[in-house]
DNA sequence: TTCACTGCAAATGATTTGCAAAGCA
DNA sequence: TGCTTTGCAAATCATTTGCAGTGAA
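Residue numbers (this note's numbering), protein chains in the order written: chain A, 361 to 504; chain B, 361 to 504.
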């Protein structure tokens with residue numbers, strides 16, 4: 361079995377046919393460690409890699425991958441959406457100067473943040489609601 | 361001195377001339393307790409109140425007020441921006457079903473969250489960066 | 001063959017901008 | 001008067017959608 365078998369399997373598990381463009385995009389996304397992409401950046405990288413795919417399909421694919429649990433959507437700043445290949449529980453740094461984001465390493469205060477989050481009890485929530493998720497964004501600027 | 365004197369003062373302090381539309385919008389924003397508005401909702405309320413103002417001016421005014429420290433911009437979900445009349449340190453509930461936001465009351469786990477945030481030391485931040493702010497969004501969905 | 005999928009271009013929604021006219025100091 | 005502000009319409013940006021053509025099972 362080729363190197364794509366895992367990817368094909370994941371796509372199938374997400375109920376998606378392993379089409380040429382989905383395979384190619386999946387290779388870009390999942391073949392090089394954790395990444396944060398926007399539709400635009402992924403589209404550009406696809407172009408550079410000589411992949412023939414339209415921007416609309418990149419958007420569709422990102423959403424399908426997200427729905428299938430292969431990606432996590434990160435919304436910070438009301439401009440573009442980022443898609444994170446790290447789907448485990450974690451939080452983000454946001455670099456205000458560049459608009460980039462990065463995962464907060466698990467060895468930092470990520471632990472502290474999660475302690476707090478885990479301490480939140482349903483009784484503290486508005487009536488009729490349930491906790492969906494807690495997003496923490498540590499916004500950074502250039503040091504003096 | 362009329363009821364607008366405080367508002368006029370605040371506008372002046374923010375370096376803004378107290379024009380007719382800025383005064384009118386400020387009255388809508390700061391005269392009725394804490395609020396979360398979008399450009400569109402504020403524009404609608406202005407219309408209903410018979411205030412003659414353009415949407416572009418509402419946008420400009422919201423940004424000017426934000427720059428002047430009279431409002432705080434809250435970005436959650438990459439659609440529209442909310443502007444919060446509560447400029448003190450606090451965090452938000454986000455209702456996924458309606459797209460609305462609300463302040464987390466200070467008597468809830470807001471305290472816990474702030475404990476964690478205050479515990480974050482600069483040494484945990486990426487080199488060359490300084491902490492700007494930490495945004496915590498507690499995302500809620502309808503209870504089962 | 002039959003739907004799922006793709007590409008393109010047009011539509012959308014939020015927001016910004018250019019610029020002439022109107023308003024405040 | 002002189003510099004701000006405003007309004008309107010056009011421009012942008014990110015994203016979505018309609019629909020005819022293409023491809024996978």
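The beta-carbon is built from N, C-alpha and C at its ideal position, and this holds for glycine as well.
Proximity below 8 Å, CB of residue i to CB of residue j
| i | j | result |
| --- | --- | --- |
| residue 397(B) | residue 442(B) | yes |
| residue 389(B) | residue 395(B) | yes |
| residue 434(A) | residue 461(A) | yes |
| residue 422(B) | residue 447(B) | no |
| residue 418(A) | residue 384(A) | no |
| residue 497(A) | residue 450(A) | no |
| residue 502(A) | residue 489(B) | yes |
| residue 472(B) | residue 410(A) | no |
Neighbourhood of residue i by C-beta distance below 6 Å, restricted to the same chain and skipping five residues each side
| i | result |
| --- | --- |
| residue 378(B) | 368, 371 |
| residue 391(A) | none |
| residue 500(A) | 453, 455 |
Cβ-heavy atom distance, residue i to the ligand PLP, below 7 Å
| i | result |
| --- | --- |
| residue 371(B) | Looking for the ligand PLP in the displayed structure turns up nothing, as the structure carries no ligands at all. |
Where residue i sits in the DSSP three-state scheme
| i | result |
| --- | --- |
| residue 409(B) | coil |
| residue 447(A) | coil |
| residue 487(B) | coil |
| residue 368(B) | helix |
| residue 500(A) | strand |
| residue 427(A) | helix |
| residue 460(B) | strand |
| residue 480(A) | coil |
| residue 432(B) | strand |
| residue 440(A) | coil |
| residue 377(B) | coil |
Below-8 Å beta-carbon distance, residue i vs any chain B residue
| i | result |
| --- | --- |
| residue 397(A) | no |
| residue 427(A) | no |
| residue 374(A) | no |
| residue 490(A) | yes |
| residue 485(A) | yes |
| residue 504(A) | yes |
| residue 500(A) | yes |
| residue 472(A) | yes |
| residue 460(A) | no |
| residue 493(A) | yes |
| residue 309(A) | No statement about residue 309(A) is possible, as the shown extent of chain A runs from 361 to 504 and does not include it. |
| residue 496(A) | yes |
| residue 421(A) | no |
| residue 437(A) | yes |
| residue 417(A) | no |
Cβ neighbours of residue i in the same chain (closer than 8 Å, five flanking residues each side left out)
| i | result |
| --- | --- |
| residue 374(A) | 424, 425, 427, 428, 429, 430 |
| residue 387(B) | 364, 367 |
| residue 485(B) | 491 |
| residue 439(A) | 459 |
8 Å Cβ cutoff, residue i in contact with chain A
| i | result |
| --- | --- |
| residue 365(B) | no |
| residue 447(B) | no |
| residue 401(B) | no |
| residue 453(B) | yes |
| residue 479(B) | yes |
Own chain partners of residue i with C-beta closer than 7 Å, once the 5 adjacent residues on each side are dropped
| i | result |
| --- | --- |
| residue 445(B) | 389, 390, 394, 395, 431 |
| residue 405(B) | 388 |
| residue 403(B) | 415, 418 |
| residue 464(A) | 450, 451, 452, 453, 470, 498 |
| residue 376(A) | 382, 424, 428 |
Would you call the stretch 482-498 of chain B and the stretch 452-471 of chain A in contact, with 3 or more CB pairs under 8 Å? yes
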